[in-house]
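Quick note: the sequence shown uses my numbering, first residue 150, plus one each step. Even glycine gets a Cβ: it sits at the ideal position worked out from N, Cα and C. Inspection log for the structure reproduced underneath, given as structure tokens.
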Amino acid sequence: MSDWLVIAARFALYGDLALLFGVPLFALYGLRGEERHHARLLPLRPLAGTLAITGIALSAIGFVAMAAAMAGTGLLQVESDTLTMLLAQTSVGTAFLVRMAALAFCLFAGVLLSRHPVAALSAISVAAGVGLSSLAWSGHGAATEGGAGMVHLGADILHLLAAGAWVGALFALLLLALRGSPKDDAGQVRTLHRALDGFAGVGTVIVGLIVVTGLANGLVIVGIANVMSAAAGLWGQLMLAKIVLFLGMLAMAAANRFRLTPSLERAIERRDHAQALAFLRRSLAVETVMAIMILGLVAWLSTLEPLNGG
Ligand code: HEM
């Protein structure tokens with residue numbers, strides 16, 4: 150039971166921290182001046198507050214669930230000594246405390262959003278980035294010793310941040326598309342078109358980072374010689390399913406960039422953007438669902454033994 154709670158809490162935490170890191174980051178490079186103030190474009194303040202509070206609750210639940218799984222007890226039977234020992238004497242405990250402090254800081258910075266949007270968005274994104282990176286200590290990311298261990302940890306943290314930037318941007322673009330009105334208010338749809346166009350370059354860097362750090366991560370965990378035997382185990386099969394979903398996301402992203410975004414531009418000029426907007430909404434929604442499925446797969450596979458059939 151507690152193993153599944155560990156996986157569920159980890160999945161929800163990946164999603165929550167990816168959004169808390171990626172949405173403010175998107176608002177910094179994808180929106181301009183006044184647009185960052187408009188709650189009808191992106192409700193940044195309530196979103197940041199809700200995600201920070203949810204992140205604190207999920208981190209606490211995940212930590213107690215992990216302690217229960219390690220002690221082989223139920224959630225409510227976890228002894229305070231076990232929790233104190235984990236907090237004071239393990240890197241997972243230190244990472245948890247750093248994450249809680251970073252999330253508390255996000256709550257504070259969220260209050261400043263309406264008066265100092267750029268400074269507050271930057272502060273939230275950096276602090277949430279620290280929170281997201283801290284998850285590397287409770288997966289395989291921190292399990293390798295020595296010099297290779299530093300490379301693995303670095304690659305895993307960059308992988309988490311690149312994934313967070315992608316998931317955050319997807320969610321923000323989907324919200325912009327859902328809030329754009331099919332009939333009037335071309336202004337809002339123009340903002341969406343410009344943000345999509347602007348994301349093309351950032352998206353290429355994110356995908357490049359994800360592939361390079363993902364392959365580095367995989368090679369350190371499995372090792373070239375064991376790739377085939379790892380593929381035969383549950384970890385390997387979940388990783389293959391993840392890569393298939395990644396290729397699906399790549400295909401949707403290419404369709405958005407080379408077909409749907411240019412056709413939205415033409416539709417705006419023709420003052421008839423309803424259908425183009427509907428196609429984009431659907432494509433962004435499908436891509437977002439694939440990203441959520443990847444986070445679910447990763448939450449599960451990061452608890453398994455990559456070799457020995459796990
Ligand atoms: C070519 C594509 C990709 C490859 C080769 C790849 C590979 C990997 C590997 C080997 C791991 C470590 C698994 C473990 O700790 O057991 C990992 C972790 C992870 N991946 Fe990917 N990945 C790819 C794409 C993605 C995408 C598209 C996303 C999200 C949108 C993503 C999100 C994550 C996350 C959140 C982790 C967990 C890191 C942790 O908790 O330490 N990956 N990936």
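Span of the alpha helix (DSSP H) around residue i
i      : result
Asp305 : Gly295 to Arg328
Thr231 : Ser229 to Gln238
Ala403 : Leu383 to Ala404
Leu200 : Leu193 to Ala220
Trp449 : Ala423 to Leu450
Ser271 : Pro266 to Ser282
Ile96  : Here the chain covers residues 150 to 459 and nothing more, so residue 96 does not appear.
Close Cβ partners of residue i (< 6 angstroms) along its chain, the five nearest in sequence each way excluded
i      : result
Ser287 : Val241
Gly313 : Ala167, Phe170, Gly171 and Leu281
Gly397 : Met439
Ala244 : Ser283 and Trp286
Ala304 : Thr362, Ala365 and Asn366
Phe212 : Phe245
Ala158 : Leu207, Ile210, Gly211 and Ala214
Val447 : none
Val123 : Residue numbering for the chain in the displayed model covers 150 to 459; residue 123 lies beyond these limits and cannot be assessed.
Ala269 : Ala258, Leu261 and Leu262
His301 : Thr293 and Val369
Candidates the options, of which the one nearest residue i by Cα
i      : options                           : result
Gly382 : Gly317, Leu453 and Val316         : Leu453
Arg328 : Ser451, Pro192 and His186         : Pro192
Asn405 : Leu252, Ile417, Leu323 and Gly445 : Leu323
Thr203 : Ala214, Leu252 and Leu235         : Leu252
Ala380 : Pro455, Ala209, Ala297 and Ala218 : Pro455
Leu341 : Val354, Gly385 and Ala416         : Ala416
Ile210 : His301, Leu232 and Thr199         : Leu232
Gly179 : Leu224, Glu418, Trp315 and Gly164 : Trp315
Lys391 : Gly290, Arg194, Ala291 and Ile443 : Ile443
Gly445 : His422, Thr410, Asp421 and Trp384 : Trp384
Glu533 : Ala427, Ala326, Arg189 and Ala400 : A question about residue 533 goes unanswered here, because the residues of the chain that appear run from 150 up to 459.
Ile205 : Arg248, Ala423 and Met219         : Arg248
Trp449 : His289, Ala269 and Thr222         : His289
Gly352 : Val371, Ala291, Ala292 and Leu319 : Leu319
Leu469 : Val354, Gly198 and Ser451         : As shown, the chain starts at 150 and ends at 459. That puts residue 469 outside it, with no answer to give.
Thr239 : Val300, Ala176 and Ala291         : Ala291
Asp165 : Leu190, Gly198, Val360 and Ala176 : Gly198
Arg339 : Ser378, His422 and Pro195         : His422
Cβ shell of residue i (< 7 angstroms), same chain only, five flanking positions each side left out
i      : result
Ala161 : Leu207
Ala201 : Leu169, Leu252, Cys255, Leu256 and Gly259
Thr410 : His342, Leu345 and Asp346
Leu307 : Leu358 and Thr362
Buried/exposed call for residue i, threshold 16 Cβ in 10 Å
i      : result
Trp153 : exposed
Gln337 : buried
Val155 : buried
Thr362 : buried
Pro266 : buried
Ile373 : exposed
His186 : exposed
Met234 : exposed
Ala420 : Contrary to the premise, residue 420 reads as Arg rather than Ala in this sequence. Its Cβ having fewer than 16 others within 10 Å, Arg420 is exposed.
Met388 : buried
Leu413 : buried
Pro173 : buried
Ser274 : buried
Phe407 : exposed
Gly182 : exposed
Gly357 : exposed
Leu225 : exposed
Ala188 : exposed
Close-in-space but distant-in-sequence residues of the same chain around residue i (CB under 8 angstroms, 5 per side omitted)
i      : result
Phe254 : Ala272 and Ala276
Gly347 : Tyr178 and Gly179
Ala326 : Leu341, Leu426, Leu429, Arg430 and Leu433
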